[in-house]
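Counting from 1, one number per residue, gives the positions in the sequence shown under UniProt numbering. Even glycine gets a Cβ: it sits at the ideal position worked out from N, Cα and C. This report refers to the structure that appears directly beneath it.
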Amino acid sequence: MTAQLDAPHDLVGIGIGPSNLSLAALAHGLPHQGAGELATVFYEQRRDFRWHPGLLIEGATLQVPFLADLVTLADPASPWSFLSYLKHKERLYPFYFAEQFHIHRAEYDAYCRWVAGRVPGLHFGHQVDAVRWNPERDLFEVDFTQLDPAGEAEALGRTYTRNLALGIGTAPHVPEPLRPLAEAPTVPVIHSADYLDNRQRILGAEHVTVIGSGQSGAEVFLDLLRARPTGRERLTWLARTPSFAPMEYSKLGLEHFTPDYTRYFHSLPEPVRDHLVPAQWQLHKGIDTATIAAIHDELYRRTLDGGWPDAVLTPGVTVRTAGRVATTKVELHLEHAEQGARSRLTTDAVVLATGYKERPLTRLLAGLDPYLRKDSSGRPRIDDRYRMILDPSVTGSIFVQNGERHTHGVGAPDLGLAAWRSAAILNTLTGKEAYPQPPRTAFTTFGLEQREHTRPRPAGELLPLVEHP
Ligand SMILES: Cc1cc2nc3c(=O)[nH]c(=O)nc-3n(C[C@H](O)[C@H](O)[C@H](O)COP(=O)(O)OP(=O)(O)OC[C@H]3O[C@@H](n4cnc5c(N)ncnc54)[C@H](O)[C@@H]3O)c2cc1C
Numbered sequence: 001m002t003a004q005l006d007a008p009h010d011l012v013g014i015g016i017g018p019s020n021l022s023l024a025a026l027a028h029g030l031p032h033q034g035a036g037e038l039a040t041v042f043y044e045q046r047r048d049f050r051w052h053p054g055l056l057i058e059g060a061t062l063q064v065p066f067l068a069d070l071v072t073l074a075d076p077a078s079p080w081s082f083l084s085y086l087k088h089k090e091r092l093y094p095f096y097f098a099e100q101f102h103i104h105r106a107e108y109d110a111y112c113r114w115v116a117g118r119v120p121g122l123h124f125g126h127q128v129d130a131v132r133w134n135p136e137r138d139l140f141e142v143d144f145t146q147l148d149p150a151g152e153a154e155a156l157g158r159t160y161t162r163n164l165a166l167g168i169g170t171a172p173h174v175p176e177p178l179r180p181l182a183e184a185p186t187v188p189v190i191h192s193a194d195y196l197d198n199r200q201r202i203l204g205a206e207h208v209t210v211i212g213s214g215q216s217g218a219e220v221f222l223d224l225l226r227a228r229p230t231g232r233e234r235l236t237w238l239a240r241t242p243s244f245a246p247m248e249y250s251k252l253g254l255e256h257f258t259p260d261y262t263r264y265f266h267s268l269p270e271p272v273r274d275h276l277v278p279a280q281w282q283l284h285k286g287i288d289t290a291t292i293a294a295i296h297d298e299l300y301r302r303t304l305d306g307g308w309p310d311a312v313l314t315p316g317v318t319v320r321t322a323g324r325v326a327t328t329k330v331e332l333h334l335e336h337a338e339q340g341a342r343s344r345l346t347t348d349a350v351v352l353a354t355g356y357k358e359r360p361l362t363r364l365l366a367g368l369d370p371y372l373r374k375d376s377s378g379r380p381r382i383d384d385r386y387r388m389i390l391d392p393s394v395t396g397s398i399f400v401q402n403g404e405r406h407t408h409g410v411g412a413p414d415l416g417l418a419a420w421r422s423a424a425i426l427n428t429l430t431g432k433e434a435y436p437q438p439p440r441t442a443f444t445t446f447g448l449e450q451r452e453h454t455r456p457r458p459a460g461e462l463l464p465l466v467e468h469p
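Structural data, given as structure tokens:
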């Protein structure tokens with residue numbers, strides 16, 4: 001069966017994670033440039049909304065305040081806010097007295113599922129396969145596969161749209177040396193994204209190694225530590241970073257996650273931007289201090305009767321290669337750069353908390369390639385309104401949500417910027433200030449020139465002198 005949906009939409013969203021769910025929620029009910037409402041439709045390959053289900057570890061919280069919900073930072077009066085969700089669930093008073101700025105991750109997931117179940121025009125179980133530009137009709141063609149509950153193809157379809165919003169997010173990253181092991185079903189070598197589904201299997205292993213010093217690695221290590229008997233923990237936690245470093249969480253440091261910083265970052269030359277993103281790793285790759293404290297508390301508690309927990313925590317270590325020994329065990333070949341030393345570790349299970357990578361756009365956008373303008377590394381160029389820069393003959397826009405770290409900086413995946421970005425997209429799309437956005441959002445002035453356009457200048461005041469090298 002092939003579905004043909006001919007009437008063009010104003011916007012088709014690909015992927016329904018928090019980024020595009022925010023866009024769908026803020027778009028709901030917005031007037032079209034002409035008459036009627038904006039016609040939007042969103043497609044998601046999963047059967048229903050799920051937010052990182054493998055890491056909804058009991059007690060784990062968001063790293064951002066609840067105000068970073070899908071809509072509040074653009075429109076606090078939206079019916080799709082977290083507070084509206086609590087009101088609907090008759091839980092406002094308990095939340096008020098809980099005084100929790102950082103809500104449980106499971107609660108954020110439940111809130112998003114509540115929104116996803118109510119906002120119209122969301123299609124789950126639909127995988128978008130290809131996008132093309134049709135110059136005769138001045139429309140994008142979007143090909144999708146409708147999937148059955150088992151994830152098998154059920155029907156093919158095509159829809160047409162004037163604009164697109166790519167919100168396909170990130171996929172778990174497994175380092176090259178560990179890929180063959182992660183793909184072998186007999187050895188428990190899993191990515192942290194699949195942790196909860198495999199937790200019992202991992203806990204049943206004699207010795208477990210966790211690799212990776214980000215928030216996920218820390219949460220998995222803590223969960224395993226709490227579940228293992230004192231003195232018989234049999235855990236190793238290895239990290240490539242030189243220390244188990246805390247995430248930057250100072251109030252001025254957090255201003256890197258403001259629209260002001262995003263605007264500044266976007267204005268920088270490409271080589272400077274490329275240098276900055278890895279240099280700012282502690283803004284997004286560290287461990288939150290409460291988790292570090294909880295790990296230390298748990299380890300300390302296990303020394304109260306004397307002795308040390310059977311747990312090894314070593315930063316500065318790279319896994320060079322890995323292999324299977326005696327069918328059920330894994331051997332990791334390790335290197336410590338500072339020491340210039342190498343060793344081997346035999347373990348029974350490995351959890352790879354090795355992060356995520358942006359999903360590649362190449363296959364999805366192959367049909368659009370002649371129209372895409374790219375930077376010197378072959379990445380799409382994206383303007384300050386989150387639009388891919390396209391050949392001028394293309395009248396529609398392709399908006400990018402959480403695929404613009406190379407042009408917009410470390411805030412691209414941050415939930416605290418999602419509502420702002422959705423609002424900016426909708427303002428561009430409708431040609432109106434559907435969601436007015438303040439010109440200034442940070443106390444820090446990033447760069448010398450930005451001051452000119454963020455601070456209203458009294459008549460007659462001289463401009464600060466900015467020297468260009
Ligand atoms: C465990 C974890 C915790 C995090 N916690 C925080 C936090 O506390 N605060 C914070 O600011 N950030 C956090 N982040 C980072 C980030 O904000 C979130 O990961 C967020 O999910 C990003 O949303 P997204 O919609 O951009 O992408 P995703 O959530 O990855 O969603 C993309 C969706 O697109 C779908 N998709 C992909 N390709 C297609 C296709 N071809 N057709 C149809 N659908 C497709 C995918 O199935 C997926 O559901 C966290 C990340 C992780 C991994």
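Taking each of I168, G59, G307, D260 in turn and checking the Cα distance to W420, the smallest one comes out for D260. Just measuring C-alpha positions, the residue of F66, G355, W133, Y435 sitting nearest L365 is W133.
Taking a contact as a CB-CB distance under 8 Å, the pair L166 and V400 counts as one, their CB atoms being some 5 Å apart. Setting aside the 5 residues that flank it on each side, E248 is surrounded in the same chain by Q282, L283, G286, each with a C-beta closer than 7 Å to its C-beta; the list follows chain order. Between I14 and V131, the C-beta gap is smaller than 9 Å, which places the two residues in contact.
Remark: the shortest separation between the CB of Y43 and any heavy atom of ligand 1 falls under 8 Å.
In this structure, the CA atom of D348 is about 45 Å from the CA atom of R118. For D129, the shortest C-beta to heavy atom distance toward ligand 1 is below 8 Å. For N198, the shortest separation between its Cβ and any heavy atom of ligand 1 does not lie below 8 Å. Residues of the same chain with a CB within less than 6 Å of the CB of A239, apart from the 5 flanking positions on each side, are S213, P315 in chain order. Following the DSSP letters along the chain, one finds S343 in no alpha helix (DSSP H) but inside the beta strand (DSSP E) bounded by residues 341-347.
Annotation note: the segment 385-415 contains the following uninterrupted beta strand (DSSP E) runs of length 3 or greater, listed N- to C-terminal: 398-400. For T354, the closest alpha carbon among the candidates L372, L178, P271 is that of L178.
When secondary structure is reduced to three states using DSSP, D129 falls in the strand class. D148 and V142 have their alpha carbons spaced roughly 19 Å apart. Between the segment 409-425 and the segment 376-388 there are three or more inter-stretch CB-CB distances shorter than 8 Å, so the stretches are counted as touching. With 16 or more neighbouring CB atoms inside 10 Å of its own CB, L55 falls in the buried class. Rounded to the nearest whole angstrom, the CA to CA distance from V12 to A218 is 37 Å. In the three-state DSSP reduction, P246 falls in the strand class (E or B).
In the DSSP annotation of this structure, the continuous segment of the beta strand (DSSP E) that includes T314 starts and ends at 311-314.
In the displayed model, E335 falls within a strand according to three-state DSSP. Ligand 1 has a heavy atom closer than 8 Å to the beta-carbon of I14. Of R232, R324, R320, the smallest CA-CA separation from A337 is found for R320. Following the DSSP letters along the chain, one finds G323 inside the beta strand (DSSP E) bounded by residues 317-325. Counting only residues of its own chain and dropping the five nearest sequence neighbours on each side, P65 has a CB closer than 6 Å to the CB of F101. Excluding residues up to 5 positions away in sequence, P315, G316, E338 lie with their Cβ nearer than 8 Å to the Cβ of P242 in the same chain. With a 10 Å radius around the Cβ and a threshold of 16 neighbouring Cβ atoms, A290 comes out exposed. Beta-bridge partners assigned by DSSP to Y435: none are found. Rounded to whole angstroms, the separation of the alpha carbons of D75 and E176 is 43 Å. Beta-bridge partners assigned by DSSP to Y160: E141.
Remark: the shortest separation between the CB of R46 and any heavy atom of ligand 1 falls under 8 Å. Assigned with DSSP and collapsed to three states, I295 falls in helix.
Counting of Cβ neighbours within 10 angstroms places Y93 among the exposed residues, the total staying below 16. If you look at E176, you'll find it isn't in any alpha helix (DSSP H); DSSP assigns it neither H nor E. For the pair of segments examined, the segment 43-52 was found not to touch the segment 196-211: the number of CB pairs separated by less than 8 Å stays below three.
A straight line joining the alpha-carbon of L38 with that of E255 spans about 33 Å.
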